[in-house]
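Asks:
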Amino acid sequence: MSETALPAARTPIGQTVGLVLPGGGARAAYQVGVLKAISELMPGVPNPFPVIVGTSAGAVAAAVLATEAFQWHKAVASLERVWANFHVPQVFKADALSMLRAGAHWALSLVSGGLLLPPPIALFDNSPLRELLERNMDWSHLKHSVDTGALKALALCATSYSSASSVAFFQGAPELPEWKRQQRIGRRAELNLDHLMASIGVPFLFPPVAIGNEYYGDGAQRQLWPLSPAIHLGADRLLIIGVRAEGAAGVTPRPRTVQEAPTAGQLFGYMLDTLFMDQIYANIEHVARLNQIVETAPQALPGMHKVATLLIVPSVDLRLITTRHIMNLPRTLRTLMRVMGARGTAGAQLASYLLFEQQFTCELIALGYADGMARREDLLGFLGGQPLNETIMLPALGPGGREAALQISFP
């Protein structure tokens with residue numbers, strides 16, 4: 005029987021690679037380190053990711069890589085240069101006057117029941133980040149990347165506050181169709197800075213963005229199937245770079261007679277952690293179960309094709325790194341976190357998403373680079389088109405974790 009006549013479950017996996025970058029605030033510096041390792045492992049090779057999907061902070065790196073896909077190695081170097089020199093004021097206003105104004109706005113709105121001032125739309129003003137991106141990104145290069153074949157598609161994921169749908173705004177090859185599923189939509193658009201700022205609009209922290217007649221916010225909010233956009237855009241192999249170490253979702257409490265209730269700051273840290281990573285792990289786990297069906301009973305799922313996934317996550321709990329750098333936060337932010345009760349390891353969980361300071365981001369870049377180099381064989385085989393004909397379930401191998409590192413899935 006010829007290869008083309010084989011059942012779908014037995015045919016080799018295709019070689020179109022998709023890069024999936026979930027959100028994570030300042031933790032996204034880890035993704036930059038992994039990308040740096042890939043760039044060094046594949047010198048002289050053009051963009052290895054024809055399909056790129058980004059959500060929240062991951063959307064920033066995704067947009068930069070996609071717009072400059074025709075000069076991919078240069079794009080990675082630019083990303084590293086920016087992230088290695090980050091400071092909080094480049095992302096949002098955290099000076100004493102801005103924080104005082106924000107606090108007064110919240111207080112007046114609360115005391116007057118919204119009569120004197122309407123409720124503020126966000127805690128922080130992230131206009132500095134918008135200005136930074138506007139200076140450093142040329143969106144016309146995105147069309148050039150697609151037209152030259154260096155890129156098949158870029159998708160930036162946001163959440164519609166009108167329809168409560170997860171919307172993947174994409175720009176790419178003309179043959180790519182839009183899609184619509186239950187509360188998730190793929191919508192073709194000429195991408196611009198508004199789409200990117202909408203994707204990073206973390207609720208309560210940063211303001212929503214109007215696109216057309218709707219307001220959009222952080223793409224992770226309703227993204228129950230974060231791998232879906234890349235698959236719809238034609239990816240056969242998905243590299244997912246996460247920002248949470250395997251097994252680092254919770255905190256082991258210290259023995260005590262009476263368990264203390266979590267503070268508002270600790271709860272907000274848990275919320276962000278859940279928002280950005282739990283859906284990725286849940287989607288991969290669900291895919292693993294479906295993989296078994298498509299391998300053992302392909303007739304039960306006709307028309308489905310196989311997609312391999314490779315997950316890379318930090319080998320170190322990023323909260324532990326955060327505790328070494330938390331004093332680098334502006335004094336106003338540290339004060340705010342104390343007021344919220346964001347203390348200890350659980351408090352570091354919240355701080356890790358806001359710590360846009362070069363000492364922290366440089367250490368995360370170095371960690372991502374080391375983890376990428378440690379997985380060089382996996383990465384080179386996966387990105388280089390190594391035949392992948394079977395579902396491979398890899399068990400967790402310690403703190404770095406390779407659980408579900410290589411699987412077969414489908415849209």
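Okay, so the sequence shown: first residue is 5 according to my numbering, each after it adds one.
Where is the CB? At the ideal position from N, CA and C, for every residue including glycine.
Kindly indicate the opening and closing residues of the beta strand (DSSP E) around Ala172.
Replies: Within the sequence shown, the letter at position 168 stands for residue 172. 170-176 is the span of the beta strand (DSSP E), which, as asked, contains Ala172.
Asks: Using only the alpha-carbon positions, how far apart do Gln19 and Gly388 sit?
Replies: Your numbering for residue 19 matches position 15 in the sequence shown. Your numbering for residue 388 matches position 384 in the sequence shown. Approximately 8 Å, taken between the alpha carbons.
Asks: I'd like to check one pair, Gly345 with Ala268: are the Cβ atoms closer than 8 Å?
Replies: Sequence index remark: in the sequence shown, residue 268 carries index 264 (1-based). Sequence index remark: in the sequence shown, residue 345 carries index 341 (1-based). Yes.
Asks: To which residues does DSSP link Val24 through a beta bridge?
Replies: Position 20 of the sequence shown, counted from the first residue, corresponds to residue 24. According to DSSP, which records beta bridges pairwise, Val24 is partnered with Val57, Ile244.
Asks: Would you tell me roughly how many angstroms separate the C-alpha atoms of Gly29 and Ala63, rounded to the nearest one?
Replies: As a position in the sequence shown, residue 29 is number 25, starting the count at 1. As a position in the sequence shown, residue 63 is number 59, starting the count at 1. When rounded, the distance between both Cα atoms is 11 Å.
Asks: Excluding sequence positions up to five away, which residues of its chain have a Cβ less than 8 Å from the Cβ of Val21?
Replies: The count along the sequence shown starts at 1 and reaches residue 21 at position 17. So the list reads Pro52, Phe53, Pro54, Val55, Ala239, Asp240, Arg241, Leu242, Leu243, Phe386, Leu387, once near-sequence residues are dropped.
Asks: Go ahead and pull the three-state DSSP assignment for Arg31.
Replies: Counted from its first residue, the sequence shown places residue 31 at position 27. It is helical.
Asks: Here's a check: name, in chain order, each residue in its chain whose Cβ is nearer than 7 Å to the Cβ of Ile215, leaving out the five neighbours to either side.
Replies: Position 211 of the sequence shown, counting from 1, holds the residue named residue 215. Taking Ile215 as the centre and dropping the five residues before and after it, the same chain places the C-beta of Asp198, His199, Ala202 closer than 7 Å to its C-beta, in chain order.
Asks: Which same chain residues end up closer than 6 Å to Ala253 when comparing Cβ atoms and leaving out the 5 residues on each side of it in sequence?
Replies: Taking the first residue of the sequence shown as 1, we reach residue 253 at position 249. Confidence at Ala253 is low in this model, with a pLDDT of 48, below 50, so its placement is unreliable and no value can be given for it.
Asks: Just the C-alpha distance for Ala41 and Val57, rounded to the nearest angstrom, thanks.
Replies: In the sequence shown, counting from the first residue as 1, residue 41 sits at position 37. In the sequence shown, counting from the first residue as 1, residue 57 sits at position 53. Using only the alpha carbons, I get a separation of about 19 Å.
Asks: With DSSP collapsed to three states, give me the class of Lys427.
Replies: This structure cannot speak to residue 427, because the chain is shown only from 5 to 415.
Asks: Using a Cβ-Cβ cut-off of 6 Å (strictly less than) and excluding sequence neighbours within five positions of Val206, which residues of its own chain qualify?
Replies: The residue labelled residue 206 in the question sits at position 202 within the sequence shown. Asp222.
Asks: Going by DSSP, name the residue or residues bridged to Lys184.
Replies: Stepping through the sequence shown from its first residue, residue 184 is reached at position 180. DSSP, once it has assigned bridges, lists Ile189 as partnering Lys184.
Asks: Using a Cβ-Cβ cutoff of less than 8 Å, which residues in the same chain neighbour Gln363 once the five nearest sequence positions on both sides are dropped?
Replies: Position 359 of the sequence shown, counting from 1, holds the residue named residue 363. Excluding residues within five positions, the ones whose Cβ falls inside 8 Å are His329, Asn332.
Asks: I need the boundaries of the beta strand (DSSP E) containing Ala159, first residue and last residue.
Replies: By 1-based counting over the sequence shown, the position of residue 159 is 155. 157-164 is the span of the beta strand (DSSP E), which, as asked, contains Ala159.
Asks: Where does Glu179 fall in DSSP's three states?
Replies: Sequence index remark: in the sequence shown, residue 179 carries index 175 (1-based). Three-state DSSP puts Glu179 in coil, outside helix and strand.
Asks: Which partner residues does Glu218 have in the DSSP bridge list?
Replies: Along the sequence shown, read from residue 1 onward, the residue named residue 218 stands at position 214. Residue pairing by DSSP places Glu218 opposite Ile215 in a beta bridge.
Asks: Between the region 367-379 and the region 32-39, do at least 3 Cβ pairs fall closer than 8 Å?
Replies: yes
Asks: So for Asp321, helix, strand or coil by DSSP?
Replies: Sequence index remark: in the sequence shown, residue 321 carries index 317 (1-based). The answer is coil: DSSP assigns Asp321 none of H, G, I, E or B.
Asks: Between which two residues does the alpha helix (DSSP H) holding Gly223 run?
Replies: Within the sequence shown, numbered from 1, the residue matching residue 223 stands at position 219. Here Gly223 belongs to no alpha helix (DSSP H), and DSSP marks it neither H nor E.
Asks: Does the region 154-162 come into contact with the region 171-180, if we say contact requires no fewer than three beta-carbon pairs (one atom in each stretch) closer than 8 Å?
Replies: yes
Asks: With DSSP as the reference, label Val68 as helix, strand or coil.
Replies: On the sequence shown, position 64 is the one that residue 68 refers to. Reduced to three states, the DSSP call for Val68 is helix.
Asks: Cβ of Gln94 within 8 Å of Cβ of Leu45?
Replies: For the purposes of this step, residue 94 is identified with residue 90 of the sequence shown, where counting begins at 1. For the purposes of this step, residue 45 is identified with residue 41 of the sequence shown, where counting begins at 1. It is not a contact, given that the beta carbons lie outside the stated cut-off.
Asks: Which first and last residues belong to the alpha helix (DSSP H) in which Met331 is found?
Replies: Against the sequence shown, residue 331 aligns to sequence position 327. Careful: Met331 lies outside any alpha helix (DSSP H) and carries neither H nor E.
Asks: Tell me the DSSP secondary structure of Thr267 in three-state form.
Replies: Translated into positions along the sequence shown, residue 267 becomes position 263. Residue state, collapsed to three classes: coil.
Asks: Could you check how far apart the C-beta atoms of Thr163 and Phe74 are, in whole angstroms? I think they sit under 8 Å.
Replies: Walking along the sequence shown from the start, residue 163 turns up at place 159. Walking along the sequence shown from the start, residue 74 turns up at place 70. Contact between Thr163 and Phe74 fails: their C-beta atoms lie close to 31 Å from each other, not under 8 Å.
Asks: Is DSSP giving Gln390 helix, strand or coil here?
Replies: As a position in the sequence shown, residue 390 is number 386, starting the count at 1. Coil at Gln390, not helix or strand.
Asks: Between Phe146 and the rest of its own chain, which residues show a CB-CB distance below 7 Å, the 5 nearest in sequence each way excluded?
Replies: Locating residue 146 in the sequence shown gives position 142, counting from the first residue. Residue identity differs from the one stated: residue 146 is Leu in this sequence, not Phe. The beta carbon of Leu146 is closer than 7 Å to those of Ala70, Thr71, Leu158, Gln175, Leu195 in its chain, skipping five residues each way along the sequence.
Asks: Is DSSP giving Thr261 helix, strand or coil here?
Replies: Position 257 of the sequence shown, counting from 1, holds the residue named residue 261. With a pLDDT of 44 at Thr261, under the threshold of 50, the modelled position of this residue cannot be trusted; read the value that follows with caution. Looking at Thr261 - three-state DSSP - the assignment turns out to be coil, as it is neither helix nor strand.
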